[in-house]
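Engineer: Numbering (the working numbering), first residue to last: 6 to 391.
Virtual Cβ for every residue (Gly too), placed ideally from N, Cα, C.
What you are looking at is a predicted structure, and each value in this text was computed from that prediction instead of being measured.
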């Protein structure tokens, strides 16, 4: 089976983790801050906080911004559920904004229309989570202007997008957002096994995220309620969580970061080749906005179902039967049973739902060979022809 994604673990990665295993630190040691520094150096952000997952990073970002009961967080329905769930963890409410039909990212025009209505009704969001779906950056400058006008804060869910660029600058520099979140899950662009990070240029947000990441505990006398009892002393000053990354994970991530640009460049070679090989088929290949350089975590096609005699499910299952590990990213969040019980219904966000009916994620990963890619195209061609 050719998988839709696959991590690339080299001997250098193994050696980096083995070195930690032989050291005095397995959990909280020198590798975590070194990995965080590598993220800062790569993106240009001022602060980076490594976490045990991107989900955790989203949660602490929301907590640091004071999201709570009575507040609203808006995001796209085309994302993994964590982009919305982070609001519910804080006791806040969630709503969605439909997507742009070409980029599949949250639509600036749809957001502006919804904000105008929300302003009249007095229910503006406190946070908008913008998801760089498949690795393609959102229209960040437009969203930044809307944030200034309507007073909301922005989290970039860049789980798919490390190594990408927007208007020539690295995703993660937080020029147009308050916080950017990365994921380092195994099938992502670089991996720490499980892991994530939150980046920001705001020291207050960084300090609060660091607190929430580690049980709400501080050893900083300036934050304590009284002088420390001794050098052993710590205080829990807020309710936090155990969201820390280990030194073993950080060592793997630090090693992987040395190949980040190489990985993304290879994904672009494969994507361009897909574009050429699929041009004659009854599918829509991904459109890339000229302002963006995608991380290309995923390569999603849309079937032109009005020109095909088979259903999307039949084609999907046929590809799996031929050894092609296609996938689907994503089922719109508002259609999930948990969210349906909140009152969301099919038909609420038609562009996202239309995408879902037509989309298939094809395999793409840095170690994929042209022979494997040819197998994918051959199998897809056969399925579309029958």
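Between the Cα of residue 148 and the Cα atoms of 117, 310 and 176, which residue gives the shortest distance?
Structural biologist: Checked all of 117, 310 and 176; the closest Cα to residue 148 is 117.
Engineer: Span of the beta strand (DSSP E) holding residue 307?
Structural biologist: First-last of the beta strand (DSSP E) with residue 307: 304–308.
Engineer: Mapping DSSP to helix, strand and coil, what is residue 379?
Structural biologist: It is helical.
Engineer: Would you tell me roughly how many angstroms separate the C-alpha atoms of residue 11 and residue 192, rounded to the nearest one?
Structural biologist: About 5 Å.
Engineer: Are the stretch 141–155 and the stretch 83–98 in contact at 8 Å, needing three or more beta carbon pairs?
Structural biologist: Not touching, per the Cβ criterion.
Engineer: Hey, out of 108, 107, 101 and 132, whose CA is closest to residue 119's CA?
Structural biologist: Nearest option by C-alpha distance: 101.
Engineer: How many angstroms separate the CA atom of residue 79 from the CA atom of residue 24?
Structural biologist: C-alpha separation (whole angstroms): 43 Å.
Engineer: Bridge partners for residue 8 per DSSP, in chain order?
Structural biologist: Paired residue(s): 330.
Engineer: Measuring alpha carbon to alpha carbon, tell me which of 345, 288 and 203 ends up nearest residue 310.
Structural biologist: Residue 310 has its Cα closest to that of 288, out of 345, 288 and 203.
Engineer: What is the rounded straight-line gap between the Cα of residue 304 and the Cα of residue 44?
Structural biologist: Those two C-alpha atoms are separated by around 25 Å.
Engineer: My assumption, with CB atoms under 8 Å, is that residue 291 sits in contact with residue 386. Please give the rounded CB distance.
Structural biologist: The pair is not a contact, with the Cβ atoms about 18 Å apart (cut-off 8 Å).
Engineer: Between the C-alpha atoms of residue 146 and residue 233, what's the straight-line distance to the nearest angstrom?
Structural biologist: The straight-line gap from Cα to Cα measures roughly 46 Å.
Engineer: Helix, strand or coil: which one does DSSP assign to residue 175?
Structural biologist: The answer is strand: DSSP assigns residue 175 an E or B state.
Engineer: Starting from residue 55, follow the beta strand (DSSP E) in both directions and report where the run begins and ends.
Structural biologist: Its beta strand (DSSP E) spans residues 52–56.
Engineer: If I'm right that residue 66 touches residue 211 with Cβ under 8 Å, what's the distance once you round it to whole angstroms?
Structural biologist: Rounded, the Cβ-Cβ distance is 10 Å, inconsistent with contact.
Engineer: Assign residue 37 to one of three DSSP states: helix, strand, or coil.
Structural biologist: Three-state DSSP puts residue 37 in a helix.
Engineer: Going by C-alpha distance, which of 77, 169 and 276 is nearest residue 370?
Structural biologist: If we check each option's Cα against that of residue 370, 276 comes out closest.
Engineer: Going straight from the alpha carbon of residue 197 to that of residue 322, what length do you get?
Structural biologist: Cα to Cα, the separation comes out at about 31 Å.
Engineer: Is the distance from the Cβ of residue 168 to the Cβ of residue 297 below 8 Å?
Structural biologist: Against a cut-off of 8 Å, the Cβ pair of residue 297 and residue 168 comes out as no contact.
Engineer: Taking all protein chains shown into account, do 16 or more other C-beta atoms lie within 10 angstroms of the C-beta of residue 333, making it buried, or fewer, making it exposed?
Structural biologist: Per the 10 Å Cβ criterion, exposed.
Engineer: Quick check: the Cα distance between residue 39 and residue 20, rounded to an integer number of angstroms?
Structural biologist: One C-alpha to the other measures close to 16 Å.
Engineer: From 175, 13, 338 and 177, pick the residue whose C-alpha is nearest to that of residue 104; which is it?
Structural biologist: Ranking the options by Cα distance to residue 104, first place goes to 338.
Engineer: Using the C-alpha atoms, what's the distance from residue 222 back to residue 207?
Structural biologist: Each residue's Cα considered, the two are about 20 Å apart.
Engineer: So, with DSSP's three-state summary, where would you put residue 101?
Structural biologist: Correct three-state label for residue 101: strand.
Engineer: Is the Cβ-Cβ distance between residue 301 and residue 382 less than 8 Å?
Structural biologist: No.
Engineer: For residue 182, which of helix, strand or coil comes out of DSSP?
Structural biologist: If DSSP states are grouped into helix, strand and coil, residue 182 belongs with coil.
Engineer: Our contact map puts residue 313 next to residue 365 with C-beta atoms below 8 Å; I'd like the distance itself, whole angstroms only.
Structural biologist: Not quite, the Cβ-Cβ distance comes to about 12 Å (not below 8 Å), so this is no contact.
Engineer: I want to know whether the stretch 255–263 touches the stretch 225–243 - three or more CB-CB distances under 8 Å.
Structural biologist: Segments in contact, no.
Engineer: In chain order, what residues of the same chain lie with their CB nearer than 7 Å to the CB of residue 157, ignoring the 5 residues before and after it?
Structural biologist: Taken in chain order, the residues that qualify are 129, 130, 131, 132 and 133.
Engineer: Quick check on DSSP: helix, strand or coil for residue 110?
Structural biologist: Coil, per DSSP.
Engineer: Less than 8 Å between C-beta atoms, sequence neighbours within five positions excluded: which residues of the same chain meet that for residue 31?
Structural biologist: Contacts found: 25, 251, 252 and 253.
Engineer: How long is the line joining the alpha carbons of residue 286 and residue 391, rounded to whole angstroms?
Structural biologist: Spanning the two alpha carbons is a distance of roughly 13 Å.
Engineer: Give me the Cβ distance between residue 141 and residue 110, rounded to the nearest whole Å; I'm assuming they're in contact under 8 Å.
Structural biologist: Confirmed, Cβ separation roughly 7 Å.
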